[in-house]
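A.B. asks: Here it is, the structure, as structure tokens.
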DNA sequence: CATGAATGAGGATTCATTCAT
DNA sequence: CATGAATGAATCCTCATTCAT
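Chains as they are written, first to last, in our numbering: chain A, 15 to 211; chain B, 15 to 211; chain C, 15 to 211; chain D, 15 to 211.
Written as structure tokens, this is what we have:
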């Protein structure tokens, strides 16, 4: 087994365990067992428990960024791009609930643990939304009075809360398409530049 | 000092400490010190650490529900009501960042800790949004094809992500009014029933 | 309510609680509740938890001593006296299992807790047995080669183990009479001076 | 150092510490220090403090059973067997006062702590006495009217009380032989079948 | 005398991390 | 590189005892 293999297996195991138990309740030995390595082996690849959390988060978000960029590269319509982003994000969260949970935890906890930790990957991810909105504004299909920096948060927050509820509650019977549709119903008309349409 | 006093002081101290450190990193002795009581005194009012978390959450959300209900009782316009809800929520979170953080933590962690814990107070709170949307649909000022159950999540998620960012990042220089305005720009036109207007 | 009343009620409650839970598992608040007094009230009558234990023991053993002395005062036959002692002890233990347990615990624990604590009352109690044996030796009905100091322990130990088993196990279906009879079968012939009979 | 070694060292340390302080006053850190391991190491071998107590008891009683069985296997005379049992038991208790105390504590406390705990090893041990008595009855050297189940308790109780006194009091100057002799003086003539002798 | 809320010292247990093998 | 036994610091919670009322 190659080292890269073990690193990947630990990341994958940690994603699963963090998602299931939450970062603090998760034990290093849980991750080790899930990854089928010895407890000590984990410390050959990561400095400590927090380091695993950050690595998990950055790797997984990094993948999302790449996937989103690839999916969007041939698309020029801002409305369509927003739709693609939302659909892909929700589909990814529905498919990999572990990841959704890890994002939830990570986003709310890491800053308390590691002072001044900056989620570069995450910022890059939601900046995709800001960029779509800006391009829509340049094309005059989105209203000028929308602040893309705030709108990206509002948009991501909406998607994120939906993902959260999926993982715990009754409302989980909605399909990705239904939800994507609902989100877009609101946001596309909400963002639309009525002056020019 | 009356008992009610001490209970309230512990809740308040816990809100502060949980917000600053996060639930798991927070120590009972931190809360005791903040509340200026002995460690053991906390256990006269709460069963255990989780019980404090739940109590903090429910009490604080309960207050939000009451405030929101009161602020909305004389208002009949659904658009106006949504505006009031958003403005009040964001103002409360900006004012009491501790509370915003406790909501963040609670919503993402308690279900992992205490199986089947149901946030009645929280559901009541966001159902206010669903009810506003439904009344807007009855009045035909909001689109019929919006699902209020999903929309309440989308709306709350947007507000919540905004609140989260306030507590950690650079973007905290926006005012409550600016953000409320942005959220409403999107949502009010997003929800608007164009067929009748 | 008179003070003597409360003292007695605490002793009685403590006997019950110690017997049920054991000294260390018993809580002062358990005793207070059982005695229907406030926790703090107990400290008006006793110095500390150990003091309660010792008081319970000495009072209860004191009663046994008085009862035994009274029952034996008109009896002159050493065999008969031994029989009376055994029958009364077993009957008392069967009737008041709490007391039996308190004796068990006390005898094995107090010396560890309070260095050099001497059970005067207890020694007085088992010395009744030694004295019966000595009188039997003077009357030449008991063998001379028996050491009364050891025999009192052997005799009491036999009775005590029987009492212990009563409180926990299956063998509790024997009656006091059956057991008294068995004990005397062994001890009376065991102690008998065959040279003169 | 092998694992078996550490397990044995902890058992031995616990026996010593429990005997000296009693189960409840004994601290896990006392046992750890005595065994020269870290506190946490104890929990690699035992589930909790009670588990240590039970393990100590069962292991030590198990040894007594084996020793007794071995010492008795070539003996056929019931009187002689009773003598051997008593002599060995008293010698073991005199030699290992810690063990004597652990038996005392265990027998009186564990049932309160762990509901329905059954001392299989202990029952096996005292059943040796019952079996000796039964064989003596078959050989018609012991009286028929003795109930072996009660007699085993009476006999063990006598031995046990003697052991108890050894560990705390003045009477500890008697030798094993003296005491064995006294116990047998009483019990052998007490059990003897006079009809046939 | 009586109360019971408050105290805070103390201890069993957990678990991230290390390191000898 | 890999292991997992061992470590021991760290913390939640209990409960005997106090003392203001």
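The beta-carbon is built from N, C-alpha and C at its ideal position, and this holds for glycine as well.
To the nearest angstrom, how far is the alpha carbon of residue 22(D) from that of residue 97(C)?
C.D. replies: Locating residue 22(D) in the fourth chain gives position 8, counting from the first residue. Locating residue 97(C) in the third chain gives position 83, counting from the first residue. The alpha-carbon atoms of residue 22(D) and residue 97(C) are separated by roughly 47 Å.
A.B. asks: Keeping to the same chain, check which residues put their C-beta closer than 7 Å to that of residue 123(D); ignore five residues upstream and five downstream.
C.D. replies: One-based indexing of the fourth chain puts residue 123(D) at position 109. Correct list, in chain order: 37.
A.B. asks: For the alpha helix (DSSP H) containing residue 139(D), name the first residue and the last one.
C.D. replies: Indexing the fourth chain from 1 puts residue 139(D) at position 125. Residues 134-152.
A.B. asks: If you drop the 5 nearest sequence neighbours on each side, which residues of the same chain put their C-beta closer than 8 Å to that of residue 89(B)?
C.D. replies: In the second chain, residue 89(B) corresponds to position 75, counting from 1. The residues are 95, 98.
A.B. asks: Quick one: is residue 30(D) buried, meaning 16 or more other Cβ sit within 10 Å of its Cβ, or exposed?
C.D. replies: By one-based count along the fourth chain, residue 30(D) stands at place 16. Residue 30(D) comes out buried.
A.B. asks: Counting only beta-carbon separations shorter than 8 Å, does residue 190(B) have a partner in chain A?
C.D. replies: In the second chain, counting from the first residue as 1, residue 190(B) sits at position 176. Judged by the 8 Å Cβ criterion, residue 190(B) is not in contact with chain A.
A.B. asks: Tell me, please, whether the CB atom of residue 150(D) is closer than 8 Å to any CB atom in chain C?
C.D. replies: Stepping through the fourth chain from its first residue, residue 150(D) is reached at position 136. Not one chain C Cβ lies under 8 Å of residue 150(D).
A.B. asks: Can you pull out the residues from the stretch 152-173 of chain C whose beta carbon lies closer than 8 Å to at least one beta carbon of chain D?
C.D. replies: Against chain D - using a Cβ distance shorter than 8 Å - the residues of the stretch 152-173 of chain C are 157, 159, 160, 161, 163, 164, 165, 167, 168, 169, 170, 171, 172, 173.
A.B. asks: List in chain order: all unbroken alpha helix (DSSP H) runs of 4+ residues lying wholly within the stretch 36-109 of chain D.
C.D. replies: Listed in chain order, the complete alpha helix (DSSP H) runs (minimum 4 residues) inside the stretch 36-109 of chain D are 42-49, 53-59, 63-86, 92-109.
A.B. asks: Measure the Cβ-Cβ separation of residue 116(B) and residue 71(B) and say whether it is below 8 Å.
C.D. replies: Numbered from 1 along the second chain, position 102 holds the residue referred to as residue 116(B). Numbered from 1 along the second chain, position 57 holds the residue referred to as residue 71(B). Yes. Within cutoff.
A.B. asks: Does any heavy atom of the ligand NAP sit closer than 7 Å to the C-beta of residue 25(D)?
C.D. replies: Although the ligand NAP was asked about, the structure shown includes no ligands whatsoever.
A.B. asks: My guess is that residue 160(B) and residue 168(A) are in contact by the Cβ rule of under 8 Å, so how many angstroms apart are they, rounded?
C.D. replies: Position 146 of the second chain, counted from the start, is the residue given in the question as residue 160(B). Position 154 of the first chain, counted from the start, is the residue given in the question as residue 168(A). Not quite, the Cβ-Cβ distance comes to about 16 Å (not below 8 Å), so this is no contact.
A.B. asks: If contacts are defined as beta-carbon pairs under 8 Å, then residue 178(C) and residue 121(D) qualify, I think. What distance do you get, rounded to the angstrom?
C.D. replies: For this step, residue 178(C) is matched to residue 164 along the third chain. For this step, residue 121(D) is matched to residue 107 along the fourth chain. Indeed they touch by this definition, with Cβ atoms about 7 Å apart.
A.B. asks: Hey, how far is the Cα of residue 42(B) from the Cα of residue 143(C)?
C.D. replies: Counting from one through the second chain, the residue named residue 42(B) turns up at place 28. Counting from one through the third chain, the residue named residue 143(C) turns up at place 129. If I take the Cα positions, the gap works out to 57 Å.
A.B. asks: Chain C partners of residue 123(D), CB-CB under 7 Å?
C.D. replies: The residue you call residue 123(D) lines up with position 109 of the fourth chain. The contacting residues are 36.
A.B. asks: Have a look at residue 35(A) and residue 111(C) and give me their C-alpha separation to the nearest angstrom.
C.D. replies: What you label residue 35(A) is simply residue 21 of the first chain in a count that begins at 1. What you label residue 111(C) is simply residue 97 of the third chain in a count that begins at 1. Each residue's alpha carbon lies about 48 Å from the other.
A.B. asks: Could you check whether the Cβ of residue 204(B) sits closer than 8 Å to any Cβ belonging to chain A?
C.D. replies: Taking the first residue of the second chain as position 1, residue 204(B) is located at position 190. So, interface residue.
A.B. asks: Helix, strand or coil for residue 178(A), going by three-state DSSP, please let me know.
C.D. replies: Counting from one through the first chain, the residue named residue 178(A) turns up at place 164. It is helical.
A.B. asks: Relative to the C-alpha of residue 4(B), which candidate in 173(B), 155(B), 45(B) has its C-alpha closest?
C.D. replies: For chain B, the structure presents residues 15 to 211; residue 4(B) sits outside this window and is missing.
A.B. asks: What is the rounded straight-line gap between the Cα of residue 65(D) and the Cα of residue 175(C)?
C.D. replies: Here residue 65(D) refers to the residue found at position 51 of the fourth chain. Here residue 175(C) refers to the residue found at position 161 of the third chain. The straight-line gap from Cα to Cα measures roughly 24 Å.
A.B. asks: Among 195(A), 158(A), 58(A), 27(A), whose alpha-carbon lies nearest the alpha-carbon of residue 47(A)?
C.D. replies: Working through the first chain from its first residue, we reach residue 47(A) at position 33. Of 195(A), 158(A), 58(A), 27(A), the residue nearest in Cα terms is 27(A).
A.B. asks: To the nearest angstrom, report how far apart residue 33(C) and residue 119(C) are at their CA atoms.
C.D. replies: Residue mapping note: residue 33(C) aligns to position 19 of the third chain, counting from 1. Residue mapping note: residue 119(C) aligns to position 105 of the third chain, counting from 1. Cα to Cα, the separation comes out at about 8 Å.
A.B. asks: With the cut-off set at 8 Å, would you say residue 57(C) and residue 164(D) are in Cβ contact?
C.D. replies: On the third chain, residue 57(C) is found 43 positions in, with the first residue counted as 1. On the fourth chain, residue 164(D) is found 150 positions in, with the first residue counted as 1. Taking 8 Å as the Cβ cut-off, residue 57(C) and residue 164(D) do not qualify as a contacting pair.
A.B. asks: So for residue 122(C), helix, strand or coil by DSSP?
C.D. replies: The residue given as residue 122(C) occupies position 108 in the third chain. In the structure shown, residue 122(C) sits in a helix (DSSP, three-state: H, G or I).
A.B. asks: Measure the alpha-carbon distance for residue 170(C) versus residue 86(D) and round it to whole angstroms.
C.D. replies: What you label residue 170(C) is simply residue 156 of the third chain in a count that begins at 1. What you label residue 86(D) is simply residue 72 of the fourth chain in a count that begins at 1. Taking the straight line from one Cα to the other gives about 27 Å.
A.B. asks: Would you mind reading off the limits of the alpha helix (DSSP H) that contains residue 197(B)?
C.D. replies: Position 183 of the second chain, counting from 1, holds the residue named residue 197(B). 190-205 is the span of the alpha helix (DSSP H), which, as asked, contains residue 197(B).
A.B. asks: Does residue 179(C) have its Cβ less than 8 Å from a Cβ in chain D?
C.D. replies: As a working note, residue 179(C) is residue 165 in the third chain. Chain D contact via Cβ: present.
A.B. asks: Exposed or buried, what is residue 24(A) when buried is set at 16 or more other beta-carbons lying within 10 Å of its beta-carbon?
C.D. replies: Counted from its first residue, the first chain places residue 24(A) at position 10. So residue 24(A) counts as buried.
A.B. asks: Can you list, in chain order, the residues of its chain with a C-beta nearer than 6 Å to that of residue 101(A)? Leave out the 5 residues immediately preceding and following it.
C.D. replies: Numbered from its first residue, the first chain carries residue 101(A) at position 87. Closer than 6 Å at the Cβ level, and outside the excluded window around residue 101(A), lie 194.
A.B. asks: Quick one: residues in its chain with C-beta nearer than 7 Å to the C-beta of residue 74(A), no 5 flanking neighbours on either side, listed in chain order?
C.D. replies: One-based indexing of the first chain puts residue 74(A) at position 60. Within the same chain, residue 74(A) has close Cβ partners 29, 113, 116.
A.B. asks: Work out the CA separation of residue 81(C) and residue 184(C) for me, nearest whole Å.
C.D. replies: Reading the third chain from its first residue, position 170 is the one you call residue 184(C). Reading the third chain from its first residue, position 67 is the one you call residue 81(C). The pLDDT assigned to residue 184(C) is 49, lower than 50, so where the model puts this residue is not dependable; a value taken from the coordinates is nonetheless given after this. Rounded to whole angstroms, residue 184(C) to residue 81(C) spans 29 Å at the Cα level.
A.B. asks: Rounded to whole angstroms, what is the Cα-Cα separation between residue 180(D) and residue 151(D)?
C.D. replies: Here the question's residue 180(D) lines up with position 166 in the fourth chain. Here the question's residue 151(D) lines up with position 137 in the fourth chain. Roughly 32 Å separates the two Cα atoms.
A.B. asks: What separation, rounded to the nearest whole angstrom, lies between the Cα atoms of residue 103(C) and residue 190(C)?
C.D. replies: Taking the first residue of the third chain as 1, we reach residue 103(C) at position 89. Taking the first residue of the third chain as 1, we reach residue 190(C) at position 176. Approximately 10 Å, taken between the alpha carbons.
A.B. asks: Taking the straight line between their C-alpha atoms, what separation do you get for residue 49(C) and residue 133(C)?
C.D. replies: What you label residue 49(C) is simply residue 35 of the third chain in a count that begins at 1. What you label residue 133(C) is simply residue 119 of the third chain in a count that begins at 1. Going from the Cα of residue 49(C) to the Cα of residue 133(C) covers about 25 Å.
A.B. asks: Please identify the residue among 203(B), 197(B), 139(B) whose C-alpha is closest to the C-alpha of residue 155(B).
C.D. replies: Along the second chain, one-based indexing puts residue 155(B) at 141. The shortest Cα separation from residue 155(B) among 203(B), 197(B), 139(B) belongs to 203(B).
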